[in-house]
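These protein sequences, in sequence, are chains D and P.
So the first sequence is numbered by my numbering: it starts at 41 and just counts up by one.
So the second sequence is numbered by my numbering: it starts at 41 and just counts up by one.
Worksheet: the structure to be examined is printed underneath.
There are 2 protein chains.
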Amino acid sequence: MSVLVAGSMALDTIETAEDRVEDAVGGSASFAMIGASFFAPVSLVGVVGEDFPEVHLNFFRSRRIDLAGLQRLPGKTFRWSGKYLPGFVARETLCTELNVAEHYQPKVPAAFRDPAVLFLANDHPRLQTAVLDQAGRPGYVICDTMNLWINIAREPLEALLRRVNLLMLNDEEARLFTGQESLLRAAHELLGRGLKAVIIKKGEHGAFYLDREQMFLAPAYPLETVKDPTGAGDTYAGALAGALAKAGSVHRASLRSAMLYAAVLAGFTVEAFSFDRLKRASEGEVEERVRALREMVSLD
Amino acid sequence: MSVLVAGSMALDTIETAEDRVEDAVGGSASFAMIGASFFAPVSLVGVVGEDFPEVHLNFFRSRRIDLAGLQRLPGKTFRWSGKYLPGFVARETLCTELNVAEHYQPKVPAAFRDPAVLFLANDHPRLQTAVLDQAGRPGYVICDTMNLWINIAREPLEALLRRVNLLMLNDEEARLFTGQESLLRAAHELLGRGLKAVIIKKGEHGAFYLDREQMFLAPAYPLETVKDPTGAGDTYAGALAGALAKAGSVHRASLRSAMLYAAVLAGFTVEAFSFDRLKRASEGEVEERVRALREMVSLD
Numbered sequence: 041m042s043v044l045v046a047g048s049m050a051l052d053t054i055e056t057a058e059d060r061v062e063d064a065v066g067g068s069a070s071f072a073m074i075g076a077s078f079f080a081p082v083s084l085v086g087v088v089g090e091d092f093p094e095v096h097l098n099f100f101r102s103r104r105i106d107l108a109g110l111q112r113l114p115g116k117t118f119r120w121s122g123k124y125l126p127g128f129v130a131r132e133t134l135c136t137e138l139n140v141a142e143h144y145q146p147k148v149p150a151a152f153r154d155p156a157v158l159f160l161a162n163d164h165p166r167l168q169t170a171v172l173d174q175a176g177r178p179g180y181v182i183c184d185t186m187n188l189w190i191n192i193a194r195e196p197l198e199a200l201l202r203r204v205n206l207l208m209l210n211d212e213e214a215r216l217f218t219g220q221e222s223l224l225r226a227a228h229e230l231l232g233r234g235l236k237a238v239i240i241k242k243g244e245h246g247a248f249y250l251d252r253e254q255m256f257l258a259p260a261y262p263l264e265t266v267k268d269p270t271g272a273g274d275t276y277a278g279a280l281a282g283a284l285a286k287a288g289s290v291h292r293a294s295l296r297s298a299m300l301y302a303a304v305l306a307g308f309t310v311e312a313f314s315f316d317r318l319k320r321a322s323e324g325e326v327e328e329r330v331r332a333l334r335e336m337v338s339l340d
Numbered sequence: 041m042s043v044l045v046a047g048s049m050a051l052d053t054i055e056t057a058e059d060r061v062e063d064a065v066g067g068s069a070s071f072a073m074i075g076a077s078f079f080a081p082v083s084l085v086g087v088v089g090e091d092f093p094e095v096h097l098n099f100f101r102s103r104r105i106d107l108a109g110l111q112r113l114p115g116k117t118f119r120w121s122g123k124y125l126p127g128f129v130a131r132e133t134l135c136t137e138l139n140v141a142e143h144y145q146p147k148v149p150a151a152f153r154d155p156a157v158l159f160l161a162n163d164h165p166r167l168q169t170a171v172l173d174q175a176g177r178p179g180y181v182i183c184d185t186m187n188l189w190i191n192i193a194r195e196p197l198e199a200l201l202r203r204v205n206l207l208m209l210n211d212e213e214a215r216l217f218t219g220q221e222s223l224l225r226a227a228h229e230l231l232g233r234g235l236k237a238v239i240i241k242k243g244e245h246g247a248f249y250l251d252r253e254q255m256f257l258a259p260a261y262p263l264e265t266v267k268d269p270t271g272a273g274d275t276y277a278g279a280l281a282g283a284l285a286k287a288g289s290v291h292r293a294s295l296r297s298a299m300l301y302a303a304v305l306a307g308f309t310v311e312a313f314s315f316d317r318l319k320r321a322s323e324g325e326v327e328e329r330v331r332a333l334r335e336m337v338s339l340d
């Protein structure tokens, strides 16, 4: 039961109130595929430039990630730099260089078609649609997006959303997309526009899932230390995709369990820059945190 | 199994982005005792002035609330006025007139002593301590507070906290009290100072409970409409006190169940000014929302 992840591969420069890191591995697909790799074999469709360090690619390979759909194009890798305000109350994008991502055309290898779960990680809706068009018949399609695409590519995004099983977006993006202040209203409005299901992520406050039959209020994993939230949402979505692929079907219990695993893995991402902590998380640590989180939300 | 509530009785003038109300019934004790009255007989220790409308007192009486500990003093009732920023992202206090509350000395009637649960609703720690001193041997003591007392009466507040079973405060107050940005750290630090248990309330994001044995992540009841959050925290705490009194003992399952009931009743408070919606909530509506909320957090 494999997961196909498509999205951006980046080198990030990130400033927090306490620290700074340059050219850290980032991008929506990087975080997502590591999150997914805890649960299932993963294949990637994406692009990097000539400068993307081989050591990171080897790390991805070491995690059962098939890079046959990764293009290495002449030029520089997509770069993003951002700055967090103290207390991580807001994030400012300082600079975005598309570089090789600008004229990139995704190609899905034949062997990657018909995945159990297809995760269209945050990227231009045009690229997400191109991947979906080539992906055969995925068992379940999850799509993430961000404020930039809601602002500049709303039409292709809305067309894409009619073809996916689940949209993930954060609280701010949900408000921007719908004009609704109440997240519950925003979620209902998205379903009213024909979307099948939505997860609205609220960072340290958890997330909630809504479809026509159920609503699930999912916790975040409580942390004492927040080092860098970059990639937490991508990790969350990737882990969710992986856990659903492992479960073999998407139903009420598998979905709710997958959202606990997703919260735990996103927590590891937040505890360090890039995926420095996530990559050291053992299966035992993941299971232990999920067990603790179950205890924290259990009503018995 | 009765609840003794002590705290402020006020007339509030409140401005939101969309509306305004003058001289609405408010005060920490008012909301708390209505919340508690859904579950248990309630008695009140508090003070009002000559201007406090009799119609409200009759409403309290109609809800099994014993007002024998309510003093009516010459002068005006305590008045508070505040203004919410759009989206309820922050609240500004415009004016506070202590009036009869300034020189008030609480007196606990003999019949009110040894309650199953004593709730010291938000008020000056000096007054809260005076009530505790006269309350005999309460089965369980819950204390609420606010940023004002943390700033100007920290010493009596800290002395009081060593004598209670549970402190309730909101996220902002927890950070102010401890200097910790992480709410989990803040909660641990409060326990480290000798407090037995704490609930940190996060408004629409729910609340969490921490003691030395367990942590519980409790949901808020999701709402489409937010009209006025004033009193939601007081309702939450009062409902919790009432539900625990009804359960007859405080243990893991009764506590967790009580926090769901508290979330539902606080939700009713938020849906209208004052307790206009809360007071119309039927037992059937409360049970229906609690049932729905259980579904929304269940892992099965």
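Glycine is no exception: its CB is placed at the ideal position from the N, C-alpha and C atoms.
- Query: If we ignore side chains and look at the alpha-carbon of each, how far apart do Pro149 of chain D and Gly109 of chain D end up?
  - Reply: 6 Å
- Using a C-beta to C-beta distance shorter than 9 Å, which residues of chain P count as neighbours of Ala293 of chain D? Leu339, Asp340
- For Cys135 of chain P, collect the residues of the same chain with a Cβ closer than 6 Å to its Cβ; drop the 5 residues on either side in sequence, then sort them by chain order. Ser121
- Query: Residues of chain P with CB under 9 Å from Met255 of chain D, in chain order?
  - Reply: Pro262, Ala332, Glu335, Met336
- Message: Would Leu51 of chain P and Thr133 of chain P qualify as a contact pair, given that the criterion is a beta-carbon distance under 7 Å?
- Response: no
- Contact set between Pro259 of chain D and chain P, taken where Cβ atoms lie within less than 7 Å: Leu257
- Message: So for Lys241 of chain P, helix, strand or coil by DSSP?
- Response: strand
- Query: If we ignore side chains and look at the alpha-carbon of each, how far apart do His164 of chain D and Glu137 of chain D end up?
  - Reply: 14 Å
- Is it buried or exposed for Leu188 of chain P, if we count other Cβ within 10 angstroms and need 16 for buried? exposed
- Phe313 of chain D and Val61 of chain D closer than 7 Å at C-beta: yes
- Based on the DSSP output, what are the partners of Arg112 of chain D in its beta bridges? D:Val88
- Item | Interface partners of Arg317 of chain P on chain D, CB under 9 Å | Within chain D, no residue comes near Arg317 of chain P; the closest Cβ sits about 16 Å away, beyond 9 Å.
- Specify whether the stretch 218 to 233 of chain D and the stretch 260 to 267 of chain D touch according to this definition: at least 3 beta carbon pairs, one from each stretch, less than 8 Å apart. no
- Task: Using alpha carbons as the reference points, say which of D:Tyr124, D:Ala303, D:Val326 lies closest to Ile240 of chain D.
- Result: D:Ala303
- Message: On the DSSP letters alone, give me the boundaries of the beta strand (DSSP E) that Lys286 of chain P sits inside.
- Response: Taken as a continuous stretch (DSSP letters only), Lys286 of chain P belongs to no beta strand (DSSP E), being part of the alpha helix (DSSP H) at 272 to 287.
- When you compare only the Cα positions, how much space is there between His143 of chain P and Ala151 of chain P? 24 Å
- Message: Does chain D have any CB closer than 7 Å to the CB of Gly324 of chain P?
- Response: no
- State yes or no: is the C-beta of Glu212 of chain P nearer than 6 Å to some heavy atom of the ligand COA? Among the components of this structure there are no ligands whatsoever, and the ligand COA is therefore not found.
- Query: Could you check where the beta strand (DSSP E) with Asn210 of chain D kicks off and where it finishes?
  - Reply: 206 to 210
- Query: Ends of the beta strand (DSSP E) at Phe118 of chain P?
  - Reply: 118 to 124
- Bridge partners - Tyr180 of chain D, DSSP secondary structure assignment: D:Val157
- Helix, strand or coil for Ala227 of chain P per DSSP? helix
- Message: I believe Asn162 of chain D touches Gly47 of chain D by the beta-carbon criterion, under 8 Å. Please report the beta-carbon distance rounded to the nearest angstrom.
- Response: 6 Å
- Query: In three-state DSSP terms, what is Ala46 of chain D?
  - Reply: strand
- Within 10 angstroms of its Cβ, does Leu280 of chain D collect 16 or more other Cβ (buried), or is it exposed? buried
- Leaving out five residues before and five after Pro146 of chain P in sequence, what residues of the same chain have Cβ atoms less than 7 Å from its Cβ? Ala46, Val85, Leu167, Ala170, Val171
- Could you tell me which chain P residues have their CB closer than 7 Å to the CB of Ser289 of chain D, listed as they occur along the chain? Within chain P, no residue comes near Ser289 of chain D; the closest Cβ sits about 16 Å away, beyond 7 Å.
- Query: What do you get for Val157 of chain D, buried or exposed, if any count of 16 or more other CB atoms within 10 angstroms of its CB means buried?
  - Reply: buried
- Item | At least three beta-carbon pairs within less than 8 Å, the stretch 283 to 300 of chain P to the stretch 245 to 261 of chain P | yes
- Query: Which residues, in chain order, does the stretch 104 to 131 of chain D contribute to contact with chain P at a C-beta distance below 7 Å?
  - Reply: Gly127
- Bounding residues of the beta strand (DSSP E) (the contiguous stretch that carries Phe248 of chain P): 247 to 251
- Task: Consider the Cβ of Leu224 of chain P: report whether some Cβ of chain D lies at a distance smaller than 7 Å.
- Result: yes
- Message: Please list, in chain order, the residues of the stretch 234 to 252 of chain P that have any C-beta partner in chain D closer than 9 Å.
- Response: Lys242, Glu244, His245, Gly246, Phe248
- Item | CA nearest to the CA of Met208 of chain P, picked from P:Gly273, P:Thr218, P:Ala258 | P:Gly273
- Item | Nearest-angstrom Cβ-Cβ length linking Cys275 of chain D and Ala72 of chain D, presumed shorter than 8 Å | Correcting the residue type first, residue 275 of chain D is Thr in the shown sequence and not Cys. Correct: roughly 7 Å between the Cβ atoms.
- CB Pro196 of chain D to CB Pro178 of chain D, shorter than 7 Å? no
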